[in-house]
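> Right, I'll just put the structure down here and ask away after.
2 protein chains.
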Amino acid sequence: MLTPGISKQTLRRLPFYLSYLKSLRKDMPDFISATAIADALKLNQVQVRKDLAFVSSSGRPKVGYRTQDLISEIESFLGYNETDNAIIVGAGRLGKALMNYEGFKEYGLNILAAFDTNADLVNTEGSDKPIMPMNKLRDFCVGLKIRIGIITVPSEYAQDVCDALVGSGVLAIWNFAPVHLRVPEYIIVQNENMASSLAVLSNHLNQKLSDKNILKVG
Amino acid sequence: MLTPGISKQTLRRLPFYLSYLKSLRKDMPDFISATAIADALKLNQVQVRKDLAFVSSSGRPKVGYRTQDLISEIESFLGYNETDNAIIVGAGRLGKALMNYEGFKEYGLNILAAFDTNADLVNTEGSDKPIMPMNKLRDFCVGLKIRIGIITVPSEYAQDVCDALVGSGVLAIWNFAPVHLRVPEYIIVQNENMASSLAVLSNHLNQKLSDKNILKVG
DNA sequence: TAGATTGTTAATCGATTAACAATC
DNA sequence: TAGATTGTTAATCGATTAACAATC
């Protein structure tokens, strides 16, 4: 399913490297080593080197990578140059926030419109992207060959929306509802699970706080 | 750092089980087995059984878990009963969306206020949570013993905001900016990295599409 | 040349899965 | 009892890290 040999983990780290490199801006050195990136991002050197080997073969011993080239190579590997059109289903707060988020353009994602059962919703966020009723979803997706659908509806509607997207020719679904979606095997689902992140965060925090209390008591 | 033996992966799956169990609503059976959960969520049986063993010891052979008990046990393990207060820095669209998202209450997260350099921002989203200027951050956090800070500012300001939060006594940071934050070792950082998710999604998609083209050409 | 850095091969670690015994 | 399900012990798998040879 993936480029042979490229792990999901590597794929998740690449945007991090890119973001770091870009953040250097005017301090950007002509050349940068995997070692330097690893130090800055507190990662293992070998890991960074292996990750970079997937996107570039221009690394030179003693020298490293030409910074600008590496940026271009990561961007092109991640497909940030070719734009993918997408639509959002669910024009609530999260949906609107994502729809109007300018940053996605940088990642090659272009959100064309939102859909909602409540057709009266208007995009008030100072953007001209339309919010359309659900019954226009299919024609819109088919007509514009939309491949990516983003789900930001409440959990209880997520499966129905998912089915509708699949029926409209969407191949990849970015799911913000905290539920497991049942899809045909050829459909790609990426879950953006805030509840999970929050679970990790607060467990770590409570662990830390209770450790402290044990120390105080003991 | 974690409860001895509990993996980050397990922690991330627990909210999924919970969400599935709750989604059963009136169809909810009195008893449910790890097997049934695994089937529904397309996970491995042993994995689910091991995960559940962390939060419950009320599973009975041939019978499974009393569904309501299991729900309570997961909720209490994840700390959904005790509320953690939090603040958001960055009252842009994403910040406002998160601030006004009602769903976090269920997860034991209570966002009290947002902070922004632009003190003129008003919370227009039909909620009475205040948006306050950055110079009030420290007193607010110290006074209310805030432990969790959420960062939704543009990348270039994220490190400064992070430093300010750490200086205000915050112990855990939920970071929505796609950058690596440098923090003292005692601070917990959870990155919510949409760029990474998107990278995985579009790589899978492009892989799939190019596989198809190769088939067509060949 | 010497040394920093690359890329690769081997070892380690952790998480998942398989096999199985215990039990209601 | 028989069989479904639990929980545990062992095997497998994949990702990370360590060791090292190649090179500019």
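First to last, the sequence lines map onto chains V and W. Throughout, the numbering used here is defined as the position within the first sequence, counted from one, plus 248. Throughout, the numbering used here is defined as the position within the second sequence, counted from one, plus 248. Cβ atoms here follow ideal geometry from the backbone N, Cα and C, with glycine treated the same way.
Ignore the nearest five residues each way along the sequence and tell me which others in residue 377 of chain V's own chain have a CB closer than 8 Å to its CB.
These residues qualify, in order along the chain: 347, 348, 359, 360, 361, 362, 371.
> With 8 Å as the C-beta to C-beta threshold (strictly closer), list the residues of the region 402-429 of chain V near chain W in chain order.
Going along the region 402-429 of chain V in chain order, one finds 403, 404, 419, 420, 422, 426, 427, 428 with a Cβ nearer than 8 Å to chain W.
> Taking the DSSP output, what are the residues bridged to residue 362 of chain W?
Paired residue(s): W/336, W/379.
> For residue 294 of chain W, does the three-state DSSP call read helix, strand or coil?
Helix.
> The ligand NAD heavy atoms versus the CB of residue 376 of chain W: any closer than 8 Å?
Questions concerning the ligand NAD fall outside what the structure shown contains, since it holds no ligand whatsoever.
> Just to confirm, are residue 343 of chain W and residue 401 of chain W a CB contact at a threshold of 9 Å?
Their beta carbons are under 9 Å apart, which means residue 343 of chain W touches residue 401 of chain W by this criterion.
> Could you tell me whether the Cβ of residue 470 of chain V comes closer than 9 Å to any Cβ of chain W?
Any answer about residue 470 of chain V is impossible in this case: the structure gives chain V only from 249 up to 466.
> Suppose the cutoff is 6 Å on Cβ atoms and the five residues either side in sequence are ignored; what does the same chain contact list for residue 382 of chain V look like?
363, 365, listed in sequence order.
> Looking at C-beta atoms only, is the number of pairs between the region 288-308 of chain W and the region 327-344 of chain W that lie closer than 8 Å three or more?
No contact exists between the region 288-308 of chain W and the region 327-344 of chain W.
> State buried or exposed for residue 292 of chain V, treating a residue as buried only when at least 16 other CB atoms are found within 10 Å of its CB.
Classification for residue 292 of chain V: exposed.
> If you run the structure through DSSP and keep just helix, strand and coil, what is residue 313 of chain W?
Note: residue 313 of chain W maps to strand in three-state DSSP.
> Can you list the residues of chain W that residue 356 of chain V reaches, using a CB-CB cut of under 8 Å?
Within chain W, the residues near residue 356 of chain V are 450.
> Would you call residue 338 of chain W buried or exposed, if buried means 16 or more other Cβ atoms sit within 10 Å of its Cβ?
Buried is the call here.
> Looking at residue 385 of chain W and residue 412 of chain W, is the spacing between their C-beta atoms short of 9 Å?
In contact: residue 412 of chain W and residue 385 of chain W (Cβ atoms closer than 9 Å).
> Give me the residue from V/262, V/283, V/341, V/432 with the minimum Cα distance to residue 415 of chain V.
Out of V/262, V/283, V/341, V/432, V/432 has the C-alpha closest to the C-alpha of residue 415 of chain V.
> Could you tell me which chain W residues have their CB closer than 7 Å to the CB of residue 256 of chain V, listed as they occur along the chain?
Chain W residues near residue 256 of chain V: 448.
> Please report the straight-line C-alpha distance between residue 307 of chain W and residue 257 of chain W, rounded to a whole angstrom.
Straight-line Cα distance between these residues: approximately 21 Å.
> Could you tell me if residue 438 of chain V is buried or exposed, where buried requires 16 or more neighbouring beta carbons within 10 angstroms of its beta carbon?
Flag for residue 438 of chain V reads buried.
> Let me see if you follow: with CB-CB separation under 9 Å, is residue 332 of chain W close to chain V or not?
Chain V contact via Cβ: present.
> Out of curiosity, what's the CA-to-CA distance linking residue 354 of chain V and residue 330 of chain V?
About 10 Å.
> Please report the Cβ distance between residue 429 of chain W and residue 406 of chain W, rounded to the nearest whole angstrom; I am assuming they are in contact, meaning their Cβ atoms lie under 8 Å.
About 6 Å separates the two Cβ atoms, so the contact holds.
> With a 10 Å radius around its C-beta and 16 neighbouring C-beta atoms as the bar for buried, classify residue 309 of chain W as buried or exposed.
The residue in question, residue 309 of chain W, is exposed, as its Cβ has fewer than 16 Cβ neighbours within 10 Å.
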